[in-house]
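Q: Sequential numbering from 1 applies to the sequence shown in UniProt numbering. Built from N, CA and C at the ideal position, the CB exists for glycine as well.
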Amino acid sequence: MINLHDIRYVRLGTPDVEAATRYCTEILGLQKIRTQGNAVYFRSDDRDHTLVYFEGDARDHATAFELHSFEALEVARKVLQQAGTDSHWGTDQECEQRFVRAFVWFLDPSGNRIELIWRPQHSGWRYFPSRDAGITGFSHIGLRSTDLVRDEKFWTQIMGARVSDWIGDAPLLRIDEIHHKIALFPSEYPGVQHINHQVQSIDDIMRSWYFLQEKGVNITFGPGKHPTSTAMFLYFEGPDGMIFEYSSGVRSIEDEASHLPRQFPFEPVGFCMWGARPNIKEFKT
Ligand SMILES: O=C(O)c1cccc(O)c1O
Ligand SMILES: [Fe+2]
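#1: Below 7 Å, is the gap between the Cβ of A276 and the nearest heavy atom of ligand 2?
#2: Mapping the DSSP letters down to three states, classify I27 as helix, strand or coil.
#3: Which same chain residues, not among the five before or five after P190, have their C-beta less than 6 Å away from its C-beta?
#4: Around the Cβ of F221, are there at least 16 other Cβ atoms within 10 angstroms (buried) or fewer (exposed)?
#5: Can you tell me the Cβ-Cβ gap for L67 and I158, rounded? I've got them flagged as a contact below 8 Å.
#6: Closer than 5 Å between the C-beta and any heavy atom of ligand 1: which residues qualify, listed along the chain?
#7: Rounding to the nearest angstrom, what Cα-Cα distance links L4 and I175 in this structure?
#8: Is the stretch 37 to 47 touching the stretch 119 to 135 in the sense that three or more CB pairs, one from each, lie closer than 8 Å?
#9: Exposed or buried, which one is P265 when buried takes at least 16 other CB atoms within 10 Å?
#10: Count the other CB atoms, across all protein chains shown, that sit within 10 Å of the CB of T35; report buried if there are 16 or more and exposed otherwise.
#11: Taking the alpha-carbon of V149 as reference, which of E115, L184 and E177 has the nearest alpha-carbon?
#12: Judging by CA-CA distance, which residue of E55, I114 and L73 is the nearest neighbour of V10?
#13: Please report the distance separating the alpha-carbon of H179 from that of G37.
#14: Per DSSP, residue 292 is paired with what?
#15: Grouping DSSP H, G and I as helix and E and B as strand, with all else coil, what is F271?
#16: Between the beta-carbon of M273 and the beta-carbon of L12, is there less than 8 Å?
#17: For V104, name the three-state secondary structure that DSSP assigns.
#18: Grab the span of the alpha helix (DSSP H) containing Y210 for me, first residue to last.
#19: Can you list the residues near ligand 2, meaning Cβ strictly closer than 5 Å to any non-hydrogen atom, in the order they appear in the chain?
#20: Kindly confirm or deny that the stretch 200 to 218 and the stretch 164 to 174 touch, where touching means at least three C-beta pairs closer than 8 Å.
#21: State buried or exposed for N196, treating a residue as buried only when at least 16 other CB atoms are found within 10 Å of its CB.
#22: Consult DSSP for P239 and reduce its assignment to one of helix, strand or coil.
#23: What residue does the alpha helix (DSSP H) around F70 start on, and which one ends it?
#24: List in chain order: all unbroken beta strand (DSSP E) runs of 3+ residues lying wholly within the stretch 2 to 48.
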């Protein structure tokens with residue numbers, strides 16, 4: 001089995017890098033760290049970058065997870081091969097673009113591009129955004145799944161993730177003590193379904209709620225509170241229809257042995273314990 005250390009970055013294609021850059025800095029509250037070639041890099045915490053927008057197809061998404069050693073990459077390739085999944089080494093140029101020493105990529109059973117990376121670059125600089133959204137870091141993604149039961153098996157049996165809770169058949173998956181770093185949601189096609197950044201407190205959620213409305217950003221869900229992770233949340237629309245989430249107060253699962261995943265209904269009450277209703281296709285039946 002593969003042992004994922006942590007989620008690291010998301011890379012998104014876009015036909016309009018300039019518009020995406022304006023959104024990331026002025027609306028979302030990330031820090032632009034560099035432009036390199038046709039790509040712009042953004043920080044949300046003490047890592048070199050956690051989000052990249054590159055000139056390309058808006059359906060072209062990749063998500064990276066850090067592994068513990070170079071040997072772990074080699075082992076991962078064998079494990080994937082045994083599971084019938086082709087994997088490939090990243091080229092030197094691709095490693096340079098990602099600020100990693102080595103990586104392996106593959107497609108999950110739904111067709112999501114996943115990158116397993118080794119020695120990603122850290123920053124010696126404090127994260128310093130141009131808008132104070134209260135972001136403390138990139139934390140999780142929603143991943144599109146064309147078959148939730150099949151993909152839950154892949155992510156738990158091959159990738160070593162554990163189910164923390166289910167909403168209907170949608171599993172919230174942890175790879176460390178944080179309630180979830182990946183969540184699978186039903187879709188007809190692959191891709192990243194939402195990108196979560198943690199913010200410091202409910203004050204940041206509410207401040208952003210007013211701020212985003214003033215800026216005319218489409219709020220798609222919330223403010224609300226997830227009964228699953230106990231996090232308070234706000235979802236809103238970004239470039240090319242991507243959904244971004246701010247949340248605060250995600251629970252930790254300290255005791256692996258005693259945690260049993262809980263089943264929540266795939267209904268508004270399964271997503272929000274305050275009564276908010278999602279205007280997000282993948283959260284609705
Ligand atoms: O935090 C959660 O529990 C959660 C639940 C449903 C959907 C999400 O995006 C979540 O982050
Ligand atoms: Fe989420």
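A: By the coordinates alone:
#1: no
#2: When secondary structure is reduced to three states using DSSP, I27 falls in the helix class.
#3: Excluding sequence positions up to five before and after P190, its CB lies within less than 6 Å of the CB of S110, G111, N112 and R144, all in the same chain and listed in chain order.
#4: buried
#5: Going by Cβ atoms, the distance from L67 to I158 rounds to 14 Å, so no, they are not a contact pair.
#6: H226, T228, S229 and A231
#7: Their backbone Cα atoms lie some 6 Å apart in a straight line.
#8: yes
#9: exposed
#10: exposed
#11: It is L184.
#12: I114
#13: 36 Å
#14: Lying before the first or after the last residue shown, residue 292 is absent from the chain, which here runs from 1 to 285.
#15: helix
#16: no
#17: strand
#18: I202 to E214
#19: N196 and E245
#20: no
#21: buried
#22: helix
#23: F70 to Q82
#24: 6 to 14, 31 to 36 and 39 to 43
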